Amino acid sequence: MPQQRFDKSLTLFILLIFLLNVKSERQTILAYRAPGECDVNDPLSCSRQKHEVCSFLDGVYKCTCASSYSRLPDGRCLAIDECSDPKLNECSTDAICKDLPEGYSCHCKPGFADVSKRGRPGSVCRKEQNECQSPHTYGVDCDANAACTDTSGSYECRCNPGYSDVSETYALLPGRKCIQTINECEDKTKNDCSENAICTDAKDGYTCACKKGYVDASTNVAKYPGRTCNKAVQEEQHYITNIKQCGGSHHCPNGQICVDDYCKCAEGSVLVGGGCKLTAACQVDPECDKNALCINVLGSYTCQCKPGYFDVDPVTPGRECKELTNECVDRHECSPYAKCIDNKDGYECECNDGYTDVSHQFGLKPGRKCVNTSNECAERSLNTCDESADCIDTPQGYTCQCFSGYIDVSVSAHLPPGRVCTVETSCPKQKTDLIFLIDGSGSIGSQVFRNEVLRFIKEFIELFDIGLDNTRVGLIQYSDQVRHEFGLSQYSDKQSLLAAVDNINYLTGLTRTGAAIEHMVNEGFSDRRGVRPISEGANRVAVIITDGRSQGKIKINIFLFHYNLR
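Quick note on numbering: the sequence shown equals residues -24 to -1, 1 to 542 in mature numbering (1 follows the signal peptide of the UniProt record, and there is no 0).
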(Lines of atoms letter the chains of each structure in order from A and count residues from 1; the text may use other names and numbers.)
(Lines give C-alpha, C1' and ligand atoms only; values in the text may rest on other atoms or scores of the structure.)
Protein backbone atom coordinates (compact mmCIF):
# COMPACT_ATOMS: atom_id res chain seq x y z
CA MET A 1 0.00 0.00 0.00
CA PRO A 2 1.57 3.36 -1.05
CA GLN A 3 2.77 5.88 1.51
CA GLN A 4 4.28 8.64 -0.65
CA ARG A 5 3.15 11.63 1.44
CA PHE A 6 4.39 10.46 4.85
CA ASP A 7 7.65 9.11 6.14
CA LYS A 8 7.18 5.43 7.02
CA SER A 9 8.26 6.05 10.63
CA LEU A 10 5.83 8.95 11.13
CA THR A 11 2.94 8.20 13.48
CA LEU A 12 0.08 10.68 13.80
CA PHE A 13 -2.63 10.32 16.48
CA ILE A 14 -5.82 12.23 15.92
CA LEU A 15 -8.37 12.86 18.70
CA LEU A 16 -11.64 14.24 17.32
CA ILE A 17 -13.65 16.42 19.68
CA PHE A 18 -17.06 17.54 18.45
CA LEU A 19 -19.08 20.55 19.62
CA LEU A 20 -22.72 19.46 19.47
CA ASN A 21 -24.97 22.24 18.18
CA VAL A 22 -28.06 22.21 20.40
CA LYS A 23 -29.19 25.71 19.36
CA SER A 24 -28.50 27.19 22.77
CA GLU A 25 -26.26 29.86 24.20
CA ARG A 26 -24.10 27.23 25.86
CA GLN A 27 -22.80 24.17 24.00
CA THR A 28 -21.11 21.07 25.38
CA ILE A 29 -17.80 19.53 24.39
CA LEU A 30 -17.94 15.78 23.96
CA ALA A 31 -15.16 13.42 22.99
CA TYR A 32 -15.31 10.62 20.47
CA ARG A 33 -13.29 7.63 21.63
CA ALA A 34 -12.88 4.13 20.32
CA PRO A 35 -14.03 1.29 22.63
CA GLY A 36 -11.60 0.87 25.53
CA GLU A 37 -10.08 4.31 25.07
CA CYS A 38 -10.46 7.07 27.65
CA ASP A 39 -9.94 10.78 28.28
CA VAL A 40 -7.30 11.65 30.88
CA ASN A 41 -9.20 14.87 31.55
CA ASP A 42 -12.43 12.97 32.29
CA PRO A 43 -12.31 10.94 35.54
CA LEU A 44 -15.54 9.16 34.60
CA SER A 45 -14.33 7.79 31.27
CA CYS A 46 -13.09 4.61 33.01
CA SER A 47 -15.09 2.36 35.33
CA ARG A 48 -14.58 3.19 38.98
CA GLN A 49 -16.52 0.07 39.91
CA LYS A 50 -13.80 -1.98 38.23
CA HIS A 51 -11.09 0.28 39.74
CA GLU A 52 -9.76 1.19 36.29
CA VAL A 53 -7.51 4.16 35.54
CA CYS A 54 -6.82 6.08 32.34
CA SER A 55 -3.25 5.35 31.17
CA PHE A 56 -1.23 6.18 28.04
CA LEU A 57 -0.38 2.90 26.28
CA ASP A 58 0.70 2.22 22.71
CA GLY A 59 0.06 5.79 21.64
CA VAL A 60 -3.49 6.19 23.03
CA TYR A 61 -5.20 6.60 26.39
CA LYS A 62 -6.77 3.32 27.51
CA CYS A 63 -8.67 2.10 30.57
CA THR A 64 -6.29 -0.24 32.39
CA CYS A 65 -5.55 -1.53 35.85
CA ALA A 66 -3.23 0.72 37.85
CA SER A 67 0.23 -0.38 38.91
CA SER A 68 0.12 -3.00 41.70
CA TYR A 69 -3.30 -4.09 40.37
CA SER A 70 -4.10 -7.17 38.32
CA ARG A 71 -7.08 -7.88 36.05
CA LEU A 72 -9.53 -10.54 37.27
CA PRO A 73 -11.48 -12.79 34.84
CA ASP A 74 -14.64 -10.74 35.47
CA GLY A 75 -12.85 -7.57 34.34
CA ARG A 76 -12.29 -6.04 37.77
CA CYS A 77 -8.91 -4.71 38.86
CA LEU A 78 -7.72 -6.26 42.11
CA ALA A 79 -4.86 -4.83 44.12
CA ILE A 80 -2.08 -7.36 44.59
CA ASP A 81 -1.41 -6.04 48.10
CA GLU A 82 -3.62 -3.13 49.06
CA CYS A 83 -1.79 -2.76 52.36
CA SER A 84 1.51 -1.97 50.61
CA ASP A 85 0.32 1.54 49.71
CA PRO A 86 -2.07 3.70 51.79
CA LYS A 87 -3.65 4.94 48.56
CA LEU A 88 -4.85 1.42 47.77
CA ASN A 89 -6.90 0.97 50.96
CA GLU A 90 -9.32 2.90 53.13
CA CYS A 91 -7.78 1.93 56.47
CA SER A 92 -7.38 4.72 58.99
CA THR A 93 -3.84 5.77 59.84
CA ASP A 94 -4.68 4.47 63.32
CA ALA A 95 -5.71 1.05 62.00
CA ILE A 96 -3.83 -2.11 61.04
CA CYS A 97 -4.26 -3.19 57.42
CA LYS A 98 -4.30 -6.95 56.78
CA ASP A 99 -3.99 -8.23 53.21
CA LEU A 100 -6.43 -10.99 52.22
CA PRO A 101 -6.57 -13.34 49.18
CA GLU A 102 -9.20 -11.03 47.69
CA GLY A 103 -9.17 -7.60 49.30
CA TYR A 104 -8.04 -6.53 52.74
CA SER A 105 -9.34 -5.82 56.23
CA CYS A 106 -8.82 -2.93 58.66
CA HIS A 107 -8.72 -3.14 62.45
CA CYS A 108 -8.28 -0.16 64.74
CA LYS A 109 -5.07 -0.29 66.77
CA PRO A 110 -5.21 -0.90 70.54
CA GLY A 111 -6.22 2.29 72.28
CA PHE A 112 -8.43 3.40 69.40
CA ALA A 113 -12.19 2.99 69.04
CA ASP A 114 -13.75 2.01 65.70
CA VAL A 115 -16.37 4.64 64.80
CA SER A 116 -16.54 3.72 61.10
CA LYS A 117 -19.82 3.51 59.26
CA ARG A 118 -21.37 0.09 58.72
CA GLY A 119 -19.58 -2.06 56.16
CA ARG A 120 -16.26 -0.18 56.40
CA PRO A 121 -14.62 -1.23 59.69
CA GLY A 122 -11.30 0.37 60.53
CA SER A 123 -11.78 3.32 58.17
CA VAL A 124 -12.35 5.81 61.00
CA CYS A 125 -10.53 5.19 64.29
CA ARG A 126 -10.70 7.61 67.19
CA LYS A 127 -8.41 7.63 70.20
CA GLU A 128 -10.18 6.12 73.17
CA GLN A 129 -10.88 8.38 76.11
CA ASN A 130 -11.35 7.44 79.76
CA GLU A 131 -14.75 9.02 80.26
CA CYS A 132 -14.78 7.99 83.93
CA GLN A 133 -11.80 10.25 84.69
CA SER A 134 -13.59 13.31 83.28
CA PRO A 135 -17.30 12.60 83.87
CA HIS A 136 -18.44 16.19 83.35
CA THR A 137 -16.51 16.55 80.09
CA TYR A 138 -17.97 13.39 78.56
CA GLY A 139 -21.42 13.57 80.16
CA VAL A 140 -21.10 10.37 82.23
CA ASP A 141 -24.59 9.65 83.63
CA CYS A 142 -23.89 6.97 86.25
CA ASP A 143 -26.02 7.15 89.40
CA ALA A 144 -24.38 8.81 92.41
CA ASN A 145 -24.41 5.38 94.08
CA ALA A 146 -22.81 3.58 91.13
CA ALA A 147 -19.21 2.99 90.02
CA CYS A 148 -18.03 4.01 86.52
CA THR A 149 -15.86 1.51 84.62
CA ASP A 150 -14.03 2.49 81.41
CA THR A 151 -14.56 0.20 78.41
CA SER A 152 -13.44 0.12 74.78
CA GLY A 153 -15.07 3.12 73.16
CA SER A 154 -17.42 3.86 76.07
CA TYR A 155 -18.05 3.17 79.78
CA GLU A 156 -20.27 1.12 82.09
CA CYS A 157 -22.07 1.90 85.36
CA ARG A 158 -22.59 -0.61 88.19
CA CYS A 159 -24.54 -0.02 91.39
CA ASN A 160 -22.47 -0.09 94.56
CA PRO A 161 -22.84 -2.93 97.10
CA GLY A 162 -25.95 -2.42 99.21
CA TYR A 163 -27.81 -0.83 96.31
CA SER A 164 -30.18 -2.42 93.83
CA ASP A 165 -30.14 -1.57 90.13
CA VAL A 166 -33.66 -0.58 89.08
CA SER A 167 -32.58 1.21 85.89
CA GLU A 168 -34.48 -1.23 83.70
CA THR A 169 -37.78 -0.25 85.35
CA TYR A 170 -37.17 3.33 84.24
CA ALA A 171 -35.98 2.33 80.73
CA LEU A 172 -32.41 3.38 81.51
CA LEU A 173 -29.02 1.78 80.96
CA PRO A 174 -27.61 -0.24 83.88
CA GLY A 175 -26.27 1.73 86.83
CA ARG A 176 -28.26 4.85 86.03
CA LYS A 177 -30.84 4.32 88.82
CA CYS A 178 -29.63 2.71 92.06
CA ILE A 179 -31.68 2.49 95.26
CA GLN A 180 -30.61 1.30 98.66
CA THR A 181 -31.42 -2.35 99.26
CA ILE A 182 -34.12 -2.29 101.99
CA ASN A 183 -36.64 -4.96 102.93
CA GLU A 184 -39.70 -2.80 103.52
CA CYS A 185 -41.65 -5.85 104.66
CA GLU A 186 -39.47 -6.28 107.76
CA ASP A 187 -40.59 -2.92 109.14
CA LYS A 188 -44.32 -2.14 109.17
CA THR A 189 -43.58 1.57 109.16
CA LYS A 190 -41.94 1.22 105.73
CA ASN A 191 -44.92 -0.35 103.88
CA ASP A 192 -48.63 0.37 103.64
CA CYS A 193 -49.91 -3.17 103.22
CA SER A 194 -53.13 -4.02 105.08
CA GLU A 195 -52.67 -5.99 108.29
CA ASN A 196 -54.73 -8.66 106.56
CA ALA A 197 -52.36 -8.78 103.60
CA ILE A 198 -49.07 -10.52 102.90
CA CYS A 199 -46.12 -8.19 102.15
CA THR A 200 -43.56 -9.46 99.63
CA ASP A 201 -40.25 -7.66 99.20
CA ALA A 202 -39.29 -6.82 95.60
CA LYS A 203 -36.21 -5.43 93.88
CA ASP A 204 -37.90 -2.07 93.54
CA GLY A 205 -40.16 -1.72 96.58
CA TYR A 206 -42.70 -4.34 97.65
CA THR A 207 -46.09 -5.88 96.80
CA CYS A 208 -49.18 -6.55 98.90
CA ALA A 209 -51.72 -9.39 98.52
CA CYS A 210 -54.80 -9.99 100.70
CA LYS A 211 -54.73 -13.15 102.78
CA LYS A 212 -57.00 -16.08 102.08
CA GLY A 213 -60.53 -15.38 103.26
CA TYR A 214 -60.18 -11.67 102.62
CA VAL A 215 -61.24 -9.66 99.62
CA ASP A 216 -59.33 -6.69 98.22
CA ALA A 217 -61.25 -3.46 98.63
CA SER A 218 -58.32 -1.13 97.87
CA THR A 219 -59.12 2.19 96.15
CA ASN A 220 -56.79 1.43 93.22
CA VAL A 221 -56.75 -2.34 93.29
CA ALA A 222 -55.17 -2.63 89.81
CA LYS A 223 -52.10 -0.56 90.72
CA TYR A 224 -51.86 -0.76 94.51
CA PRO A 225 -53.54 -4.01 95.66
CA GLY A 226 -53.56 -5.27 99.22
CA ARG A 227 -53.91 -1.87 100.88
CA THR A 228 -57.46 -2.57 102.14
CA CYS A 229 -58.46 -6.19 102.81
CA ASN A 230 -61.91 -7.00 104.21
CA LYS A 231 -63.01 -10.34 105.62
CA ALA A 232 -65.78 -11.90 103.60
CA VAL A 233 -68.79 -11.79 106.00
CA GLN A 234 -71.77 -13.92 105.19
CA GLU A 235 -75.22 -12.51 105.87
CA GLU A 236 -76.87 -14.09 108.85
CA GLN A 237 -79.52 -16.61 107.89
CA HIS A 238 -82.46 -17.42 110.15
CA TYR A 239 -83.73 -20.94 110.09
CA ILE A 240 -87.06 -22.30 111.47
CA THR A 241 -86.38 -25.39 113.51
CA ASN A 242 -87.55 -28.65 112.03
CA ILE A 243 -88.45 -26.96 108.71
CA LYS A 244 -86.39 -28.18 105.82
CA GLN A 245 -85.34 -25.56 103.25
CA CYS A 246 -84.38 -27.92 100.53
CA GLY A 247 -84.40 -31.49 99.44
CA GLY A 248 -86.56 -33.52 97.16
CA SER A 249 -88.36 -31.14 94.85
CA HIS A 250 -87.24 -28.06 96.76
CA HIS A 251 -84.16 -26.33 95.30
CA CYS A 252 -81.99 -23.56 96.74
CA PRO A 253 -82.21 -20.11 95.11
CA ASN A 254 -79.50 -17.61 94.00
CA GLY A 255 -76.65 -20.06 93.52
CA GLN A 256 -76.88 -21.62 96.98
CA ILE A 257 -76.46 -25.32 97.55
CA CYS A 258 -78.41 -27.71 99.77
CA VAL A 259 -76.41 -28.85 102.81
CA ASP A 260 -78.19 -30.93 105.48
CA ASP A 261 -81.59 -29.71 104.32
CA TYR A 262 -80.48 -26.07 104.50
CA CYS A 263 -79.46 -23.68 101.70
CA LYS A 264 -75.91 -22.34 102.02
CA CYS A 265 -73.28 -20.68 99.82
CA ALA A 266 -70.50 -22.95 98.63
CA GLU A 267 -67.03 -22.76 100.13
CA GLY A 268 -65.14 -19.72 98.86
CA SER A 269 -68.27 -17.59 98.62
CA VAL A 270 -70.54 -15.71 100.99
CA LEU A 271 -74.17 -14.64 100.95
CA VAL A 272 -74.44 -10.97 100.06
CA GLY A 273 -77.72 -9.30 99.05
CA GLY A 274 -79.52 -12.61 98.86
CA GLY A 275 -76.97 -14.12 96.49
CA CYS A 276 -73.62 -15.90 96.74
CA LYS A 277 -70.52 -13.84 96.01
CA LEU A 278 -67.10 -15.39 95.46
CA THR A 279 -64.39 -14.50 97.95
CA ALA A 280 -61.61 -16.63 96.43
CA ALA A 281 -62.20 -16.46 92.67
CA CYS A 282 -58.48 -16.80 92.06
CA GLN A 283 -58.72 -20.42 93.19
CA VAL A 284 -61.19 -21.24 90.42
CA ASP A 285 -58.96 -21.35 87.30
CA PRO A 286 -58.55 -17.60 86.64
CA GLU A 287 -57.56 -16.30 83.19
CA CYS A 288 -54.56 -14.33 84.44
CA ASP A 289 -51.26 -14.64 82.57
CA LYS A 290 -48.66 -16.85 84.25
CA ASN A 291 -46.60 -13.70 84.79
CA ALA A 292 -49.49 -11.86 86.47
CA LEU A 293 -50.84 -11.67 90.02
CA CYS A 294 -54.44 -12.73 90.65
CA ILE A 295 -56.23 -10.48 93.17
CA ASN A 296 -59.49 -11.53 94.80
CA VAL A 297 -62.25 -8.95 94.89
CA LEU A 298 -65.77 -9.51 96.09
CA GLY A 299 -67.56 -11.66 93.55
CA SER A 300 -64.69 -11.76 91.05
CA TYR A 301 -60.96 -11.23 90.59
CA THR A 302 -58.55 -8.93 88.81
CA CYS A 303 -55.16 -9.57 87.22
CA GLN A 304 -52.02 -7.45 87.48
CA CYS A 305 -48.73 -8.05 85.61
CA LYS A 306 -45.85 -8.79 87.94
CA PRO A 307 -42.98 -6.30 88.38
CA GLY A 308 -40.64 -6.51 85.37
CA TYR A 309 -43.51 -7.21 82.96
CA PHE A 310 -45.79 -4.88 81.03
CA ASP A 311 -49.45 -5.25 80.11
CA VAL A 312 -49.98 -5.81 76.39
CA ASP A 313 -53.70 -4.94 76.58
CA PRO A 314 -54.60 -2.67 79.54
CA VAL A 315 -58.32 -2.96 78.59
CA THR A 316 -58.23 -6.55 79.90
CA PRO A 317 -55.39 -6.21 82.43
CA GLY A 318 -53.11 -9.07 83.32
CA ARG A 319 -54.25 -11.40 80.54
CA GLU A 320 -51.04 -11.02 78.50
CA CYS A 321 -47.85 -9.90 80.20
CA LYS A 322 -44.51 -9.53 78.43
CA GLU A 323 -41.13 -9.15 80.04
CA LEU A 324 -39.64 -5.68 80.04
CA THR A 325 -36.41 -6.30 78.10
CA ASN A 326 -33.87 -3.51 78.10
CA GLU A 327 -32.04 -3.86 74.77
CA CYS A 328 -29.82 -0.98 75.83
CA VAL A 329 -28.25 -3.27 78.44
CA ASP A 330 -27.03 -5.77 75.87
CA ARG A 331 -25.82 -5.27 72.29
CA HIS A 332 -27.61 -2.59 70.29
CA GLU A 333 -26.97 -0.65 67.08
CA CYS A 334 -26.72 2.85 68.57
CA SER A 335 -23.65 4.88 67.63
CA PRO A 336 -20.95 5.17 70.31
CA TYR A 337 -21.81 8.87 70.22
CA ALA A 338 -25.52 8.34 70.86
CA LYS A 339 -27.61 7.45 73.90
CA CYS A 340 -29.80 4.36 73.86
CA ILE A 341 -33.37 4.92 75.10
CA ASP A 342 -35.28 1.77 76.04
CA ASN A 343 -39.06 1.56 75.58
CA LYS A 344 -41.74 -1.11 75.57
CA ASP A 345 -41.48 -1.70 71.83
CA GLY A 346 -37.68 -1.91 71.73
CA TYR A 347 -35.30 1.02 71.91
CA GLU A 348 -34.41 4.30 70.25
CA CYS A 349 -31.06 5.97 69.58
CA GLU A 350 -30.44 9.69 69.91
CA CYS A 351 -27.16 11.39 68.95
CA ASN A 352 -25.37 13.21 71.77
CA ASP A 353 -25.07 16.98 71.88
CA GLY A 354 -22.42 18.23 69.47
CA TYR A 355 -23.05 15.38 67.02
CA THR A 356 -25.19 15.29 63.90
CA ASP A 357 -27.38 12.34 62.96
CA VAL A 358 -26.45 11.27 59.41
CA SER A 359 -27.96 7.78 59.67
CA HIS A 360 -30.46 8.40 56.86
CA GLN A 361 -27.59 8.94 54.41
CA PHE A 362 -26.60 5.30 54.91
CA GLY A 363 -30.12 3.84 55.00
CA LEU A 364 -29.98 3.37 58.78
CA LYS A 365 -32.44 4.11 61.57
CA PRO A 366 -31.93 7.32 63.61
CA GLY A 367 -28.99 7.47 65.99
CA ARG A 368 -27.01 4.70 64.28
CA LYS A 369 -24.47 7.09 62.68
CA CYS A 370 -23.50 10.26 64.54
CA VAL A 371 -20.67 12.56 63.41
CA ASN A 372 -18.95 15.50 65.02
CA THR A 373 -20.57 18.62 63.59
CA SER A 374 -17.49 20.76 64.09
CA ASN A 375 -15.19 18.82 61.74
CA GLU A 376 -16.44 18.00 58.23
CA CYS A 377 -13.28 15.96 57.61
CA ALA A 378 -14.15 13.54 60.42
CA GLU A 379 -16.64 11.78 58.15
CA ARG A 380 -16.59 11.51 54.35
CA SER A 381 -20.33 12.15 54.07
CA LEU A 382 -19.86 15.66 55.49
CA ASN A 383 -17.48 16.82 52.76
CA THR A 384 -17.32 16.68 48.96
CA CYS A 385 -13.64 15.78 48.59
CA ASP A 386 -12.74 13.21 45.92
CA GLU A 387 -11.96 9.71 47.22
CA SER A 388 -8.39 10.32 46.08
CA ALA A 389 -8.03 13.59 47.98
CA ASP A 390 -7.15 14.62 51.53
CA CYS A 391 -9.73 16.63 53.46
CA ILE A 392 -8.07 19.46 55.40
CA ASP A 393 -10.09 21.03 58.21
CA THR A 394 -9.95 24.84 58.42
CA PRO A 395 -11.53 27.45 60.74
CA GLN A 396 -13.85 28.44 57.88
CA GLY A 397 -14.78 24.86 56.93
CA TYR A 398 -12.50 22.58 54.92
CA THR A 399 -10.49 22.29 51.72
CA CYS A 400 -9.49 19.31 49.57
CA GLN A 401 -6.11 18.38 48.10
CA CYS A 402 -5.55 15.57 45.58
CA PHE A 403 -3.17 12.79 46.63
CA SER A 404 0.35 12.70 45.28
CA GLY A 405 0.26 11.00 41.88
CA TYR A 406 -3.15 12.46 41.04
CA ILE A 407 -4.05 15.51 38.96
CA ASP A 408 -6.67 18.00 40.14
CA VAL A 409 -9.11 18.57 37.26
CA SER A 410 -11.92 20.01 39.43
CA VAL A 411 -11.87 23.30 37.54
CA SER A 412 -13.02 21.47 34.40
CA ALA A 413 -16.24 20.60 36.23
CA HIS A 414 -16.52 24.12 37.69
CA LEU A 415 -15.85 22.75 41.18
CA PRO A 416 -13.54 23.83 44.04
CA PRO A 417 -10.09 22.16 44.32
CA GLY A 418 -9.82 18.49 45.23
CA ARG A 419 -13.33 17.51 44.12
CA VAL A 420 -12.25 15.61 40.97
CA CYS A 421 -8.84 13.91 41.03
CA THR A 422 -7.57 11.70 38.20
CA VAL A 423 -4.52 9.46 38.07
CA GLU A 424 -1.43 11.22 36.75
CA THR A 425 -0.23 9.41 33.64
CA SER A 426 3.20 9.20 32.06
CA CYS A 427 2.10 10.95 28.86
CA PRO A 428 2.65 14.55 30.05
CA LYS A 429 6.26 13.62 30.97
CA GLN A 430 7.05 12.31 27.48
CA LYS A 431 8.38 14.34 24.57
CA THR A 432 5.34 15.41 22.56
CA ASP A 433 4.74 17.69 19.59
CA LEU A 434 1.09 18.67 20.11
CA ILE A 435 -0.99 20.70 17.65
CA PHE A 436 -4.50 21.98 18.31
CA LEU A 437 -6.57 22.41 15.14
CA ILE A 438 -9.64 24.41 16.20
CA ASP A 439 -12.75 25.29 14.26
CA GLY A 440 -13.29 29.07 14.20
CA SER A 441 -16.19 29.08 11.73
CA GLY A 442 -19.42 31.00 12.23
CA SER A 443 -21.34 27.95 13.43
CA ILE A 444 -19.23 27.78 16.61
CA GLY A 445 -20.14 31.20 17.99
CA SER A 446 -17.88 33.65 19.80
CA GLN A 447 -19.14 32.77 23.30
CA VAL A 448 -18.55 29.03 22.88
CA PHE A 449 -15.23 29.68 21.16
CA ARG A 450 -13.84 31.70 24.07
CA ASN A 451 -15.63 30.20 27.07
CA GLU A 452 -15.50 26.55 26.04
CA VAL A 453 -12.93 25.87 23.32
CA LEU A 454 -10.12 28.11 24.59
CA ARG A 455 -10.84 27.12 28.19
CA PHE A 456 -10.55 23.44 27.29
CA ILE A 457 -7.24 24.04 25.48
CA LYS A 458 -5.75 25.85 28.48
CA GLU A 459 -6.83 23.08 30.88
CA PHE A 460 -5.38 20.47 28.52
CA ILE A 461 -2.05 22.36 28.38
CA GLU A 462 -1.94 22.40 32.20
CA LEU A 463 -1.47 18.60 32.13
CA PHE A 464 1.87 18.82 30.30
CA ASP A 465 5.42 19.90 31.08
CA ILE A 466 5.90 22.65 28.51
CA GLY A 467 9.38 23.23 27.09
CA LEU A 468 11.47 22.83 23.95
CA ASP A 469 12.84 19.56 25.34
CA ASN A 470 9.49 18.36 26.73
CA THR A 471 6.09 19.15 25.21
CA ARG A 472 5.82 21.67 22.38
CA VAL A 473 2.43 23.12 21.48
CA GLY A 474 1.23 24.70 18.25
CA LEU A 475 -2.23 26.02 17.42
CA ILE A 476 -4.02 26.44 14.08
CA GLN A 477 -7.45 28.07 13.70
CA TYR A 478 -9.50 27.51 10.58
CA SER A 479 -12.81 28.34 8.93
CA ASP A 480 -12.75 28.85 5.14
CA GLN A 481 -9.20 30.08 5.72
CA VAL A 482 -6.31 28.71 7.81
CA ARG A 483 -4.44 30.84 10.34
CA HIS A 484 -1.36 29.71 12.28
CA GLU A 485 -1.77 31.27 15.73
CA PHE A 486 1.67 29.97 16.83
CA GLY A 487 4.07 27.19 15.87
CA LEU A 488 5.51 24.30 17.88
CA SER A 489 8.76 26.06 18.78
CA GLN A 490 7.35 29.54 19.39
CA TYR A 491 6.75 29.27 23.18
CA SER A 492 9.07 27.44 25.58
CA ASP A 493 7.26 28.03 28.89
CA LYS A 494 3.70 27.38 30.07
CA GLN A 495 2.94 30.93 31.21
CA SER A 496 3.71 32.50 27.84
CA LEU A 497 1.84 29.71 26.05
CA LEU A 498 -1.33 30.20 28.10
CA ALA A 499 -1.17 33.96 27.54
CA ALA A 500 -0.94 33.36 23.79
CA VAL A 501 -4.09 31.22 23.90
CA ASP A 502 -5.92 34.03 25.70
CA ASN A 503 -4.98 36.45 22.90
CA ILE A 504 -6.50 34.35 20.08
CA ASN A 505 -9.26 36.15 18.15
CA TYR A 506 -12.28 34.39 16.67
CA LEU A 507 -12.19 34.02 12.85
CA THR A 508 -15.81 33.24 11.72
CA GLY A 509 -16.57 32.07 8.18
CA LEU A 510 -17.38 28.74 6.52
CA THR A 511 -16.16 25.33 7.76
CA ARG A 512 -13.42 23.67 5.64
CA THR A 513 -12.28 20.90 8.00
CA GLY A 514 -10.82 18.58 5.35
CA ALA A 515 -8.55 21.24 3.89
CA ALA A 516 -7.51 22.34 7.40
CA ILE A 517 -6.46 18.79 8.36
CA GLU A 518 -4.35 18.46 5.22
CA HIS A 519 -2.72 21.81 5.95
CA MET A 520 -2.00 20.79 9.55
CA VAL A 521 -0.33 17.54 8.50
CA ASN A 522 1.71 19.09 5.69
CA GLU A 523 2.52 22.49 7.22
CA GLY A 524 1.83 22.28 10.97
CA PHE A 525 4.03 19.22 11.46
CA SER A 526 6.90 20.67 9.41
CA ASP A 527 10.49 21.55 10.27
CA ARG A 528 9.93 25.26 9.83
CA ARG A 529 7.02 25.17 12.31
CA GLY A 530 9.22 23.52 14.95
CA VAL A 531 8.47 19.79 14.70
CA ARG A 532 11.30 17.58 15.99
CA PRO A 533 12.96 14.90 13.87
CA ILE A 534 11.57 11.40 14.14
CA SER A 535 14.94 10.27 15.48
CA GLU A 536 14.37 12.24 18.71
CA GLY A 537 11.40 9.98 19.54
CA ALA A 538 8.88 12.76 20.21
CA ASN A 539 5.22 11.74 19.94
CA ARG A 540 3.18 13.65 17.36
CA VAL A 541 -0.35 14.33 18.57
CA ALA A 542 -3.14 16.35 16.99
CA VAL A 543 -6.30 17.53 18.77
CA ILE A 544 -9.03 18.60 16.35
CA ILE A 545 -11.99 20.56 17.69
CA THR A 546 -14.97 21.16 15.42
CA ASP A 547 -18.75 21.19 15.48
CA GLY A 548 -18.68 18.51 12.76
CA ARG A 549 -20.54 20.49 10.12
CA SER A 550 -17.94 20.84 7.36
CA GLN A 551 -18.66 22.36 3.95
CA GLY A 552 -15.86 20.21 2.54
CA LYS A 553 -15.29 16.45 2.24
CA ILE A 554 -13.42 15.14 5.27
CA LYS A 555 -14.47 11.50 5.67
CA ILE A 556 -11.82 10.04 3.38
CA ASN A 557 -9.14 12.36 4.72
CA ILE A 558 -9.71 11.33 8.35
CA PHE A 559 -9.76 7.66 7.37
CA LEU A 560 -6.46 7.96 5.53
CA PHE A 561 -4.70 9.93 8.24
CA HIS A 562 -5.90 7.56 10.95
CA TYR A 563 -4.00 4.74 9.26
CA ASN A 564 -1.07 6.98 8.30
CA LEU A 565 -2.03 6.75 4.60
CA ARG A 566 -2.52 9.22 1.80
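Heads up, the beta-carbon is just placed ideally off N, CA and C, and yes, glycines get one too. Just so it is clear, the structure is predicted and the values come from calculations on it, not from any experiment.
- The beta carbon of ALA257 sits closer than 7 angstroms to those of ASN272, SER276, TYR277, all from its chain and outside the five residues before and after it, given in chain order.
- As summarised for the stretch 469 to 497, the continuous alpha helix (DSSP H) elements at least 4 residues long and confined to that stretch are 470 to 478, 489 to 495, given in chain order.
- Residue burial annotation: ASP289 is exposed, with fewer than 16 other C-beta atoms found within 10 angstroms of its C-beta.
- Looking only at LYS179, CYS169, ASP236, the smallest Cα-Cα distance to THR204 is reached by CYS169.
- Within the same chain, ASN121, CYS154, ILE155, GLN156, THR157 come within 7 angstroms of TYR139 by CB-CB distance, once the 5 residues on both sides are set aside.
- In the same chain as THR360, and ignoring 5 residues on each side of it, the C-beta atoms closer than 6 angstroms to its own belong to ARG395, in chain order.
- Non-local C-beta neighbours of HIS308 in its own chain, meaning closer than 7 angstroms and more than five positions away in sequence, comprise CYS316, TYR323, ordered along the chain.
- Within the model, the alpha-carbon separation for CYS124 versus ALA314 is close to 18 angstroms.
- Under DSSP, the beta-bridge partners assigned to ILE233 are LYS240.
- Here ILE420 is not near GLY500, since their CB atoms are 7 angstroms or more apart.
- Three or more beta-carbon pairs drawn from the stretch 456 to 464 and the stretch 482 to 490 are found closer than 8 angstroms, and the two stretches are therefore classed as touching.
- Looking from the CA of ASN159, the closest CA among CYS175, VAL424, LEU148, PRO283 belongs to CYS175.
- Nearest neighbour of VAL291 by Cα position, chosen from PRO342, CYS281, GLN406, turns out to be CYS281.
- Per the Cβ contact rule, the stretch 259 to 269 is not in contact with the stretch 226 to 233 (fewer than 3 Cβ pairs under 8 angstroms).
- Within the same chain, VAL334, GLN337 come within 7 angstroms of SER357 by CB-CB distance, once the 5 residues on both sides are set aside.
- In the structure shown, the three-state DSSP call for HIS27 is coil.
- Sequence-distant Cβ neighbours of CYS67 in its own chain, meaning closer than 8 angstroms and more than five residues away, are CYS59, CYS73, TYR80, CYS82, GLY98, SER99.
- ALA268 has its alpha-carbon roughly 22 angstroms from the corresponding atom of ASN206.
- Using a Cβ distance threshold of 7 angstroms, SER465 and GLY506 count as a contacting pair.
- Taking LEU439 as reference, the option from VAL449, CYS397, ILE383, LYS188 with the minimal CA-CA separation is ILE383.
- When secondary structure is reduced to three states using DSSP, TYR114 falls in the helix class.
- Short of 7 angstroms from the beta carbon of CYS22, and not among the five residues preceding or following it, lie these beta carbons of its own chain, in chain order: CYS14, GLU28, VAL29, CYS30, CYS39.
- Of all alpha-carbon atoms in ALA173, LYS188, ASP180, the one lying nearest the alpha-carbon of PRO201 is that of ALA173.
- Within a 10 Å sphere around the beta-carbon of VAL235 sit fewer than 16 other beta-carbons, which makes this residue exposed.
- At the C-beta level, ASP321 and CYS297 stay beyond 7 angstroms of one another.
- With a threshold of 16 other beta carbon atoms within 10 Å, GLN471 falls short and is exposed.
- One thing to note: ASP409 has its Cβ no nearer than 7 angstroms to the Cβ of ILE521.
- For ILE174, the enclosing beta strand (DSSP E) stretches over residues 173 to 178.
- Nearest Cα to THR332 within the set GLU162, ASN106, GLN406, GLU352: GLU352.
- With distances taken between CA atoms, ASP523 lies nearest to GLU428 out of GLU428, THR447, ASN479, SER502.
- In this structure, ASP441 is the residue among ASP441, CYS241, PRO393, LYS253 with its C-alpha nearest to the C-alpha of GLN406.
- Residue pairing by DSSP places ARG459 opposite GLN453 in a beta bridge.
- When secondary structure is reduced to three states using DSSP, GLN221 falls in the coil class, being assigned neither helix nor strand.
- Taking C-alpha positions only, ASN302 is separated from ASP75 by approximately 39 angstroms.
- In this chain, the beta strand (DSSP E) harbouring LYS38 covers 36 to 41.
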